[in-house]
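A.B. asks:
Residue numbers (the working numbering): 73 to 355.
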């Protein structure tokens with residue numbers, strides 16, 4: 073059994089290495105300079121980033137399934153749970169959103185550069201002034217009918233449960249909305265769940281490997297990336313919640329948190345009857 077597992081890991085490593093060299097790299101050689109020029113002109117075209125994320129799903133062994141769909145054509149603030157760095161690739165492959173990330177991501181080799189090409193917003197949660205700056209940028213994006221996604225827990229988790237959502241950045245965005253001209257914003261809860269590994273339900277032990285929480289060093293991350301099995305990822309876009317300058321930020325954040333928690337529990341239990349997404353909870 074151990075021999076077969078080793079052989080399977082070797083085959084995955086060979087496939088992903090060849091895919092990276094002969095598909096991923098040629099696409100980046102064309103797409104990265106193009107996206108760099110576009111962003112320097114103050115414009116944004118989502119096609120290169122969507123293609124990058126879809127190829128990233130193949131490279132990382134992600135099969136993405138969706139429930140519901142992201143809102144279109146209106147300013148939307150999406151609040152999501154956070155399990156792994158691959159969450160960004162999975163969500164980015166099915167939704168045109170701007171991500172909000174910690175400042176450490178910006179300083180990470182290559183990752184920070186690629187994230188900046190997607191107009192990622194960076195925030196230092198420990199500095200109140202920085203949160204205000206980020207929220208002002210968020211308001212500008214929302215004012216142009218953009219979609220901004222926050223990993224509302226503020227950090228990663230194994231994916232077994234949802235940590236309390238932080239309402240501070242939601243409140244900061246609310247304060248900046250009027251100045252940025254963003255009105256009639258909708259908050260949309262987003263649940264991400266890794267449900268299967270190599271076609272079998274994910275065990276609690278395997279969740280640590282998927283999240284990468286226990287990975288130590290760049291080499292460990294790369295090895296896990298190249299040898300890990302195919303993962304089924306479900307992304308559920310919840311019911312939109314009205315959000316205005318008069319909305320109670322703590323109440324609306326809690327409603328989103330509850331929606332995400334109910335859906336995550338149902339997906340992890342592989343329940344056939346999932347929580348309804350069509351009901352808008354009052355705030």
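Each residue gets a CB set at the ideal place from its N, CA and C atoms; glycine is no exception. Small disclaimer: the values here were computed from a predicted structure and weren't measured.
If you draw a straight line from the C-alpha of residue 145 to the C-alpha of residue 75, how long is it?
C.D. replies: 52 Å
A.B. asks: With distances taken from CA atoms, which of 322, 120, 95 and 107 is nearest residue 224?
C.D. replies: For the residues 322, 120, 95 and 107, the minimum Cα distance to residue 224 belongs to 322.
A.B. asks: Do you know whose CA, among 312, 291 and 158, lies nearest residue 332's CA?
C.D. replies: 312
A.B. asks: Report the residue from 237, 190, 292 and 129 whose alpha carbon sits nearest the alpha carbon of residue 112.
C.D. replies: 190
A.B. asks: Thinking residue 229 and residue 155 are a contact (beta carbons under 8 Å), I'd like their distance in whole angstroms, please.
C.D. replies: 6 Å
A.B. asks: Since residue 175 is in the alpha helix (DSSP H), which residue starts that stretch and which ends it?
C.D. replies: 175 to 178
A.B. asks: Smallest Cα separation from residue 90: which of 305, 132 and 119?
C.D. replies: 132
A.B. asks: I'd like the list of long-range same chain contacts for residue 116, defined as Cβ closer than 8 Å, with 5 residues on each side in sequence excluded.
C.D. replies: 110 and 191
A.B. asks: Could you tell me if residue 318 is buried or exposed, where buried requires 16 or more neighbouring beta carbons within 10 angstroms of its beta carbon?
C.D. replies: exposed
A.B. asks: Would you call the CB atoms of residue 157 and residue 271 closer than 8 Å?
C.D. replies: Between residue 157 and residue 271, the CB-CB gap reaches or exceeds 8 Å.
A.B. asks: Kindly list the residues whose CB is nearer than 8 Å to the CB of residue 122, restricted to its own chain and excluding five residues on each side of it in sequence; keep chain order.
C.D. replies: Only 164, 165 and 168 meet the Cβ criterion.
A.B. asks: How is the beta strand (DSSP E) around residue 330 delimited, first residue to last?
C.D. replies: Residue 330 -> not in any beta strand (DSSP E); alpha helix (DSSP H) instead, spanning 321 to 340.
A.B. asks: Between the alpha carbons of residue 87 and residue 134, how many angstroms are there, rounded?
C.D. replies: 14 Å
A.B. asks: Report the rounded CA-to-CA distance for residue 214 versus residue 222, giving the unit in angstroms.
C.D. replies: 13 Å
A.B. asks: Would you mind reading off the limits of the alpha helix (DSSP H) that contains residue 348?
C.D. replies: Per DSSP, residue 348 belongs to no alpha helix (DSSP H) and is neither H nor E.
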